[in-house]
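Undergrad: Just so you know, the UniProt record's numbering puts 2 at position 2 of the sequence shown, and the rest follows in order with no gaps. Glycine is no exception: its CB is placed at the ideal position from the N, C-alpha and C atoms. Mind looking over this structure? Questions follow.
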Amino acid sequence: MKSAVEQLATYKSVHLNPKNIQTHFVGVPLIIWSLFLALSLVDFDLGVGVSISLAVVFAAVVLVYYFILHVKLAFGLTLFILPVLLTSAWVAQSEYAIWIAVSVFIIAWAIQFVGHHYEKAKPAFADDINQLLIGPFFLMAELYFMFGLEQQLAQTIKPLAIEKRRALEAARKKDVAS
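Here you go:
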(Lines of atoms letter the chains of each structure in order from A and count residues from 1; the text may use other names and numbers.)
(Lines give C-alpha, C1' and ligand atoms only; values in the text may rest on other atoms or scores of the structure.)
Protein backbone atom coordinates (compact mmCIF):
# COMPACT_ATOMS: atom_id res chain seq x y z
CA MET A 1 0.00 0.00 0.00
CA LYS A 2 1.26 3.47 -0.87
CA SER A 3 2.03 5.80 2.03
CA ALA A 4 0.05 8.92 2.87
CA VAL A 5 2.90 11.02 1.47
CA GLU A 6 2.85 9.14 -1.85
CA GLN A 7 -0.94 9.30 -2.11
CA LEU A 8 -1.11 13.00 -1.26
CA ALA A 9 1.78 13.93 -3.57
CA THR A 10 0.13 12.10 -6.47
CA TYR A 11 -3.21 13.78 -5.81
CA LYS A 12 -1.67 17.21 -5.30
CA SER A 13 0.28 16.88 -8.57
CA VAL A 14 -2.97 17.52 -10.45
CA HIS A 15 -4.35 19.89 -7.80
CA LEU A 16 -1.86 22.75 -7.72
CA ASN A 17 -4.15 25.50 -9.03
CA PRO A 18 -5.99 27.28 -6.17
CA LYS A 19 -9.20 27.55 -8.23
CA ASN A 20 -9.18 23.79 -8.78
CA ILE A 21 -8.69 23.18 -5.07
CA GLN A 22 -11.55 25.59 -4.29
CA THR A 23 -13.92 23.74 -6.61
CA HIS A 24 -12.91 20.50 -4.92
CA PHE A 25 -13.86 21.90 -1.51
CA VAL A 26 -17.38 22.14 -2.93
CA GLY A 27 -17.52 19.16 -5.29
CA VAL A 28 -15.89 16.43 -3.21
CA PRO A 29 -18.11 16.85 -0.12
CA LEU A 30 -21.18 16.89 -2.37
CA ILE A 31 -20.03 13.70 -4.11
CA ILE A 32 -19.45 12.03 -0.76
CA TRP A 33 -22.84 13.14 0.55
CA SER A 34 -24.67 11.96 -2.58
CA LEU A 35 -22.84 8.63 -2.50
CA PHE A 36 -23.71 8.14 1.16
CA LEU A 37 -27.31 9.06 0.40
CA ALA A 38 -27.50 6.37 -2.28
CA LEU A 39 -25.76 3.83 -0.02
CA SER A 40 -28.16 4.72 2.82
CA LEU A 41 -30.96 3.27 0.71
CA VAL A 42 -29.49 -0.24 1.15
CA ASP A 43 -29.92 -1.79 4.59
CA PHE A 44 -28.67 -5.08 6.01
CA ASP A 45 -30.85 -6.74 8.64
CA LEU A 46 -28.63 -7.89 11.48
CA GLY A 47 -31.51 -9.59 13.30
CA VAL A 48 -33.37 -8.69 16.49
CA GLY A 49 -34.74 -5.57 14.85
CA VAL A 50 -31.32 -4.08 14.10
CA SER A 51 -30.18 -3.04 10.64
CA ILE A 52 -27.18 -1.21 9.26
CA SER A 53 -26.95 0.73 6.03
CA LEU A 54 -24.39 0.17 3.33
CA ALA A 55 -23.33 3.80 3.89
CA VAL A 56 -22.28 2.99 7.47
CA VAL A 57 -20.37 -0.11 6.33
CA PHE A 58 -18.62 1.84 3.56
CA ALA A 59 -17.77 4.72 5.92
CA ALA A 60 -16.29 2.32 8.47
CA VAL A 61 -14.10 0.60 5.87
CA VAL A 62 -12.90 3.89 4.39
CA LEU A 63 -12.16 5.35 7.83
CA VAL A 64 -10.07 2.29 8.72
CA TYR A 65 -8.09 2.92 5.52
CA TYR A 66 -7.64 6.59 6.45
CA PHE A 67 -6.49 5.68 9.98
CA ILE A 68 -3.92 3.32 8.47
CA LEU A 69 -2.68 6.14 6.22
CA HIS A 70 -2.54 8.97 8.78
CA VAL A 71 -4.17 8.98 12.22
CA LYS A 72 -4.43 12.76 12.66
CA LEU A 73 -6.04 13.34 9.27
CA ALA A 74 -8.38 10.40 9.87
CA PHE A 75 -9.68 12.03 13.06
CA GLY A 76 -10.65 15.10 11.05
CA LEU A 77 -12.29 12.94 8.40
CA THR A 78 -14.26 11.12 11.10
CA LEU A 79 -15.62 14.47 12.30
CA PHE A 80 -16.58 15.28 8.70
CA ILE A 81 -18.12 11.88 7.87
CA LEU A 82 -20.38 11.56 10.92
CA PRO A 83 -22.69 14.49 10.03
CA VAL A 84 -22.58 13.41 6.37
CA LEU A 85 -23.85 9.97 7.43
CA LEU A 86 -26.55 11.47 9.63
CA THR A 87 -27.87 13.95 7.07
CA SER A 88 -27.75 11.46 4.20
CA ALA A 89 -29.62 8.88 6.32
CA TRP A 90 -32.23 11.52 7.13
CA VAL A 91 -32.72 12.50 3.47
CA ALA A 92 -32.81 8.78 2.53
CA GLN A 93 -36.26 8.69 4.17
CA SER A 94 -37.61 10.86 1.33
CA GLU A 95 -39.39 9.19 -1.57
CA TYR A 96 -37.15 11.29 -3.84
CA ALA A 97 -33.88 10.21 -2.21
CA ILE A 98 -32.42 8.45 -5.24
CA TRP A 99 -33.23 11.42 -7.48
CA ILE A 100 -31.68 13.81 -5.00
CA ALA A 101 -28.57 11.61 -4.82
CA VAL A 102 -28.21 11.38 -8.60
CA SER A 103 -28.82 15.12 -9.11
CA VAL A 104 -26.31 16.18 -6.46
CA PHE A 105 -23.79 13.63 -7.78
CA ILE A 106 -24.01 14.99 -11.35
CA ILE A 107 -23.79 18.63 -10.25
CA ALA A 108 -20.82 17.84 -8.00
CA TRP A 109 -18.92 16.12 -10.80
CA ALA A 110 -19.60 19.08 -13.09
CA ILE A 111 -18.00 21.31 -10.44
CA GLN A 112 -15.02 18.94 -10.32
CA PHE A 113 -14.49 19.12 -14.06
CA VAL A 114 -14.67 22.92 -14.01
CA GLY A 115 -11.81 22.79 -11.51
CA HIS A 116 -9.77 20.53 -13.74
CA HIS A 117 -10.35 22.94 -16.62
CA TYR A 118 -8.53 25.57 -14.52
CA GLU A 119 -5.83 23.05 -13.67
CA LYS A 120 -5.41 21.93 -17.27
CA ALA A 121 -4.85 18.41 -15.98
CA LYS A 122 -7.00 15.32 -15.91
CA PRO A 123 -8.34 14.10 -12.55
CA ALA A 124 -5.99 11.95 -10.47
CA PHE A 125 -8.32 8.94 -10.64
CA ALA A 126 -7.86 8.77 -14.42
CA ASP A 127 -4.53 7.04 -13.77
CA ASP A 128 -5.26 5.44 -10.38
CA ILE A 129 -8.81 4.64 -9.30
CA ASN A 130 -7.69 4.61 -5.64
CA GLN A 131 -7.30 8.39 -5.94
CA LEU A 132 -11.10 8.63 -5.65
CA LEU A 133 -10.66 7.70 -1.98
CA ILE A 134 -7.78 10.15 -1.61
CA GLY A 135 -9.81 13.22 -2.60
CA PRO A 136 -11.41 13.67 0.84
CA PHE A 137 -8.11 12.75 2.51
CA PHE A 138 -6.33 15.42 0.44
CA LEU A 139 -8.91 18.08 1.29
CA MET A 140 -8.62 17.29 5.00
CA ALA A 141 -4.84 17.62 4.67
CA GLU A 142 -5.31 20.98 2.93
CA LEU A 143 -7.58 22.14 5.78
CA TYR A 144 -4.98 21.09 8.33
CA PHE A 145 -2.30 22.97 6.38
CA MET A 146 -4.48 26.12 6.24
CA PHE A 147 -4.72 26.03 10.04
CA GLY A 148 -0.97 25.59 10.43
CA LEU A 149 -1.21 21.91 11.32
CA GLU A 150 0.90 19.08 9.88
CA GLN A 151 3.33 21.54 8.28
CA GLN A 152 6.03 18.89 7.94
CA LEU A 153 3.65 16.84 5.81
CA ALA A 154 2.83 19.92 3.69
CA GLN A 155 6.52 20.66 3.16
CA THR A 156 7.15 17.05 2.18
CA ILE A 157 4.37 16.58 -0.35
CA LYS A 158 4.50 19.87 -2.28
CA PRO A 159 7.94 19.38 -3.92
CA LEU A 160 7.07 15.76 -4.69
CA ALA A 161 3.80 16.89 -6.28
CA ILE A 162 5.57 19.52 -8.40
CA GLU A 163 8.09 16.91 -9.53
CA LYS A 164 5.29 14.49 -10.45
CA ARG A 165 3.46 17.27 -12.32
CA ARG A 166 6.56 18.11 -14.35
CA ALA A 167 6.89 14.44 -15.27
CA LEU A 168 3.23 14.31 -16.32
CA GLU A 169 3.58 17.42 -18.48
CA ALA A 170 6.79 16.11 -20.07
CA ALA A 171 5.05 12.83 -20.89
CA ARG A 172 2.06 14.71 -22.32
CA LYS A 173 4.33 16.85 -24.54
CA LYS A 174 6.13 13.71 -25.69
CA ASP A 175 2.79 12.07 -26.59
CA VAL A 176 1.67 15.16 -28.53
CA ALA A 177 4.97 15.28 -30.44
CA SER A 178 4.76 11.64 -31.53
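1) Would you mind reading off the limits of the alpha helix (DSSP H) that contains Ser103?
2) Can you tell me where the beta strand (DSSP E) holding Val56 begins and where it ends?
3) Taking three-plus beta-carbon pairs below 8 Å as touching, is the stretch 78 to 87 in contact with the stretch 32 to 51?
4) In terms of residue numbering, what span does the beta strand (DSSP E) encompassing Leu46 cover?
5) Per DSSP, Val28 forms a beta bridge with which residues?
6) Since I believe Gly27 is in contact with Gly115 (beta carbons under 8 Å), could you give me their beta-carbon distance rounded to a whole number of angstroms?
7) Note down, in chain order, each residue of its chain lying with its Cβ closer than 7 Å to the Cβ of Ala92, except the 5 sequence neighbours on either side.
8) Who are Val50's beta bridge partners in DSSP?
9) In three-state DSSP terms, what is Ala167?
10) Tell me whether Glu150 sits in a helix, a strand or coil according to DSSP, three-state version.
11) So, is Gly76 buried or exposed, given that buried needs 16 or more other C-beta atoms within 10 angstroms?
12) Can you tell me the Cα-Cα spacing of Lys174 and Pro29, whole angstroms?
13) By alpha-carbon positions, which one of Gln112, Ala59 and Ile68 ends up nearest to Ala89?
TA: If we stick to the structure as given:
1) Here residue 103 refers to the residue found at position 103 of the sequence shown. Segment Ala97 to Glu119, the alpha helix (DSSP H) holding Ser103.
2) Reading the sequence shown from its first residue, position 56 is the one you call residue 56. Val56 -> not in any beta strand (DSSP E); alpha helix (DSSP H) instead, spanning Leu54 to Leu69.
3) yes
4) For the purposes of this step, residue 46 is identified with residue 46 of the sequence shown, where counting begins at 1. Counting along the chain, the beta strand (DSSP E) containing Leu46 begins and ends at Asp43 to Gly47.
5) Counting from one through the sequence shown, the residue named residue 28 turns up at place 28. Beta-bridge pairing links Val28 to no other residue.
6) Taking the first residue of the sequence shown as position 1, residue 115 is located at position 115. Taking the first residue of the sequence shown as position 1, residue 27 is located at position 27. Gly115 to Gly27, Cβ: 7 Å. Contact.
7) One-based indexing of the sequence shown puts residue 92 at position 92. Cβ within range, chain order: Leu37, Ser40 and Leu41.
8) Taking the first residue of the sequence shown as 1, we reach residue 50 at position 50. Paired residue(s): Gly47.
9) The count along the sequence shown starts at 1 and reaches residue 167 at position 167. It is helical.
10) Here residue 150 refers to the residue found at position 150 when the sequence shown is read from its first residue. Correct three-state label for Glu150: coil.
11) As a first step, residue 76 is located in the sequence shown; it is residue number 76 there, counting from the start. So Gly76 counts as buried.
12) Numbered from its first residue, the sequence shown carries residue 174 at position 174. Numbered from its first residue, the sequence shown carries residue 29 at position 29. The alpha-carbon atoms of Lys174 and Pro29 are separated by roughly 35 Å.
13) Taking the first residue of the sequence shown as 1, we reach residue 89 at position 89. Selected option, being the one with the closest Cα: Ala59.
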